[in-house]
Each structure stands twice: as C-alpha cells, then as structure tokens.
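Engineer: Count along the sequence shown from 1, then add 9; that gives the number in our numbering.
Quick one: the structure is below, questions incoming.
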Amino acid sequence: MTALNRVPSLMVRAGTASAFAIAAVGGSVVVPGVATDASAATVATKALQIAASKKGSPYAWGATGPRRFDCSGLTLYSFKKAGKTLPRTAAQQYNKTRHISAGNRQAGDLVFFHSGSSVYHVGIYAGKGKIWHAPRTGDVVRLQKIWTSSVWYGRVN
10 MTALNRVPSL MVRAGTASAF AIAAVGGSVV VPGVATDASA ATVATKALQI
60 AASKKGSPYA WGATGPRRFD CSGLTLYSFK KAGKTLPRTA AQQYNKTRHI
110 SAGNRQAGDL VFFHSGSSVY HVGIYAGKGK IWHAPRTGDV VRLQKIWTSS
160 VWYGRVN
C-alpha cells in the first residue's frame, strides 16, 4: 500500500481532515470568501499565460496579434487580454511600468533590453532567467533564456 493510499484511511480514523491534508493528496477544499486559484491569478500571471499560448506565432514588425506579433505587440496583446492597457512601443511600455531590480523580478514582469538609455526590445519574464518574446523577422514567439545583462525590469501597475 502506498503512502497516498494510506492517507485517506488515516484521515477517516482521525475523524477530521485538514485542508492541508486534503491538498496533499490532490483534493480541493471550498472555503466561502476565499478566492479560487483561477480567480486569484494575477494580471501578470494571466499575461504570461497568454504570451505562452502564442508560442510559434510568426514575428511581423508592427503586428499586435492575434496571429502575428512584434515584441511590444506581444506584450501589449497579452496584458490587454489580461485586463491591462499598455502603450504601443517597448520604450513607451518601459516608461509606463514601475521599475524594479533584477532581484525583485517575478514571473509576468516585463524585461526591457536596452543599449545605453535606449530600450529596443521587450519580453515577459517567465522565471528561471527566461522570457516569452517575439524575437525578430523570420522568427516566432518563443521562450528563450535572457542573453545579456543589459536589461531593465518593469512591473505593470
């Protein structure tokens, strides 16, 4: 008998079950007044999921979806679908976000690539040093490791 098979019978013998025990074996608990996982997802998390759902969509300069994207078109589209409005270009988006340090970045934050003080590219941080982005002409929306240290991070308000 596996440990997972024993847990329910142990809970029955104990006469009560905690939400933690139920969650540990893959159950779900409905608690009035507490948001479900789906409704608790942040705008940034939703935007990240939307960007990921566009994997393989072709890059097209100036495109804002739903089938083709440039870099800022993908971020604009993803956040719009998640309920937030962003300006059109990467530089405008940088100016509209709350700037954060690399140490405070979270999945769903925007990653801005820059040369000096000029922002030239944007993607959505996916965690583990990777972004979802629309790289360039001839490429497609994809997950890629951040390739440079010349990046700034912004959180959509």
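Quick reminder that beta carbons are idealized off the backbone N, C-alpha and C, glycines included.
Just curious, the beta strand (DSSP E) that Ile4 is in, first and last residue?
Structural biologist: A query on residue 4 cannot be resolved here, the shown segment of the chain reaching from 10 to 166 and no further.
Engineer: For a test of the three-state rule: what should DSSP assign to Lys167, helix, strand or coil?
Structural biologist: The structure shown does not extend to residue 167, since the chain is modelled only from 10 through 166, so no value can be given for it.
Engineer: Mind checking His108: buried by the 16 CB within 10 Å criterion, or exposed?
Structural biologist: So His108 ends up on the exposed side.
Engineer: Consult DSSP for Lys64 and reduce its assignment to one of helix, strand or coil.
Structural biologist: Looking at Lys64 - three-state DSSP - the assignment turns out to be coil, as it is neither helix nor strand.
Engineer: Could you pull the DSSP bridge partners for Gln153 from this structure?
Structural biologist: DSSP, once it has assigned bridges, lists Ile140 as partnering Gln153.
Engineer: Report yes if the CB atom of Leu119 is closer than 8 angstroms to the CB atom of Gly163, and no otherwise.
Structural biologist: Yes, Cβ-Cβ distance for Leu119 and Gly163 is below 8 angstroms.
Engineer: Answer with buried or exposed for Ala49, where buried requires no fewer than 16 other C-beta atoms within 10 angstroms of its C-beta.
Structural biologist: Low confidence applies here, because Ala49 scores a pLDDT of 37, under 50, leaving its location unreliable; read the following figure in that light. Exposed is the call here.
Engineer: Between which two residues does the beta strand (DSSP E) holding Arg164 run?
Structural biologist: Unbroken beta strand (DSSP E) run through Arg164: 160-164.
Engineer: In angstroms, rounded to a whole number, what distance separates the CA positions of His105 and Gly82?
Structural biologist: Looking at the sequence provided, one finds Lys at residue 105 rather than His. Taking the straight line joining both Cα atoms gives about 15 angstroms.
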